[in-house]
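Undergrad: Numbering that gives the first Met the number 0 puts the first residue of the sequence shown at 0, with every later residue one more than the last.
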Amino acid sequence: MRKSALLPILRSQTQGELLAWLYLHPEDEFTVGELAAQTASDISTVSREASRFVEADFLKERRQGKLRFLRANTDSIIAEPLTRLLTATYGPVAVIDEALASVDGIEKAFIYGSWAARYHGESGPIPNDVDVLVIGNADDDELFEIARRCESQLGREVNLHRTTTAHWKKAAEDKFLRTVQSRPMVQVAGDTSTGV
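1) Using only CA atoms, which one of Arg-147, Gly-135, Ser-122, Phe-52 lies nearest to Leu-81?
2) Whose C-beta lies closer than 8 Å to the C-beta of His-166 among residues of the same chain, with five residues either side of it excluded?
3) Kindly indicate which residue of Ala-87, Ala-49, Ala-171 has the alpha-carbon position closest to the one of Arg-70.
4) Can you look up Asp-139 in the DSSP assignment and give me helix, strand or coil?
5) Please name the residue in Gln-63, Asp-74, Leu-85 whose C-alpha comes closest to that of Thr-13.
6) By Cβ distance, which residues of its chain are closer than 6 Å to Glu-106, with the 5 residues on each side in sequence left out?
7) Buried or exposed for Thr-193, please, with buried defined as at least 16 other CB atoms from any protein chain shown within 10 angstroms of its CB.
8) So Ala-137 packs on Gly-104, CB below 8 Å; how close in whole Å?
9) Assess, as a yes-or-no matter, whether the region 116-130 is touched by the region 85-97 under the definition of 3 or more beta carbon pairs within less than 8 Å.
10) Where does His-24 sit, in a helix, a strand or coil, going by DSSP?
11) To the nearest angstrom, report how far apart Ser-122 and His-24 are at their CA atoms.
12) Could you give the DSSP three-state label for Thr-178: helix, strand or coil?
13) Bridge partners of Phe-52, per DSSP?
14) Since I believe Tyr-111 is in contact with Met-184 (beta carbons under 8 Å), could you give me their beta-carbon distance rounded to a whole number of angstroms?
15) Within 10 angstroms of its Cβ, does Ser-113 collect 16 or more other Cβ (buried), or is it exposed?
16) Please return the same chain residues whose Cβ sits closer than 7 Å to the Cβ of Ile-42, not counting the five positions on each side in sequence.
17) According to DSSP, what are the bridge partners of Thr-162?
18) Any heavy atom of the ligand MG within a distance shorter than 6 Å of the CB on Ile-125?
19) Which same chain residues, not among the five before or five after Val-157, have their C-beta less than 6 Å away from its C-beta?
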């Protein structure tokens with residue numbers, strides 16, 4: 000279990016991802032399976048962490064047959080400060096993933112730079128901005144508007160850069176893309192099974 004470098008008061012990355020997804024989607028409820036897929040964790044780990052958070056009153060649960068639905072406990076006294084803390088640390092994945100989901104022409108998108116490095120466990124201060132690389136032929140004006148919307152939600156600058164799929168595949172010829180590929184990245188859009 001990987002420790003959280005983004006929010007060291009949590010004992011694992013999975014805890015941060017689970018809480019962030021639920022608290023940044025406070026009106027929605029999700030099954031344990033959906034949360035496992037969203038956090039790229041196994042179902043037993045998510046179920047175990049969720050049980051701890053339900054017991055601590057961070058989450059609410061509802062059972063329907065064999066399904067277990069979870070949502071943020073927005074009635075808790077800690078809901079507002081916890082949401083702000085999660086937005087500042089784990090928020091970029093939840094916010095940017097959702098913002099890019101409806102955009103046509105995106106093959107893949109990654110968060111890179113210092114935020115991605117912290118996400119992958121490199122120590123250092125919480126980054127003041129988030130760098131996003133979009134691969135594909137999405138409309139630049141639409142991406143600019145999405146970046147501004149994400150900035151408003153995250154309370155920090157979102158630097159969005161777009162490149163074509165062909166250019167990404169020839170990254171060895173571009174110093175910037177070579178650097179991006181050589182450092183930690185976190186995928187926030189696109190099919191994880193393709194080789195783009």
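Even glycine gets a Cβ: it sits at the ideal position worked out from N, Cα and C.
TA: In terms of the structure at hand:
1) The residue among Arg-147, Gly-135, Ser-122, Phe-52 with its C-alpha nearest the C-alpha of Leu-81 is Phe-52.
2) Asp-173, Leu-176
3) Ala-49
4) helix
5) Leu-85
6) Ile-134, Gly-135, Thr-164, Gly-189, Val-195
7) Low confidence applies here, because Thr-193 scores a pLDDT of 46, under 50, leaving its location unreliable; read the following figure in that light. With a threshold of 16 other beta carbon atoms within 10 Å, Thr-193 falls short and is exposed.
8) Beta-carbon to beta-carbon, Ala-137 and Gly-104 are separated by about 4 Å, close enough to satisfy the 8 Å threshold.
9) yes
10) coil
11) Distance from the CA of Ser-122 to the CA of His-24, rounded to the nearest whole angstrom, comes to 28 Å.
12) helix
13) Paired residues: none, contrary to the question.
14) 5 Å
15) buried
16) Val-31, Gly-32, Ala-35
17) As DSSP reads the structure, Thr-162 sits in a beta bridge with Ile-134.
18) The model on display carries no ligand, and the ligand MG is accordingly not part of it.
19) Excluding its 5 nearest sequence neighbours in each direction, Val-157 has C-beta neighbours in its own chain below 6 Å: Val-129, Ala-146, Cys-149, Glu-150, listed in chain order.
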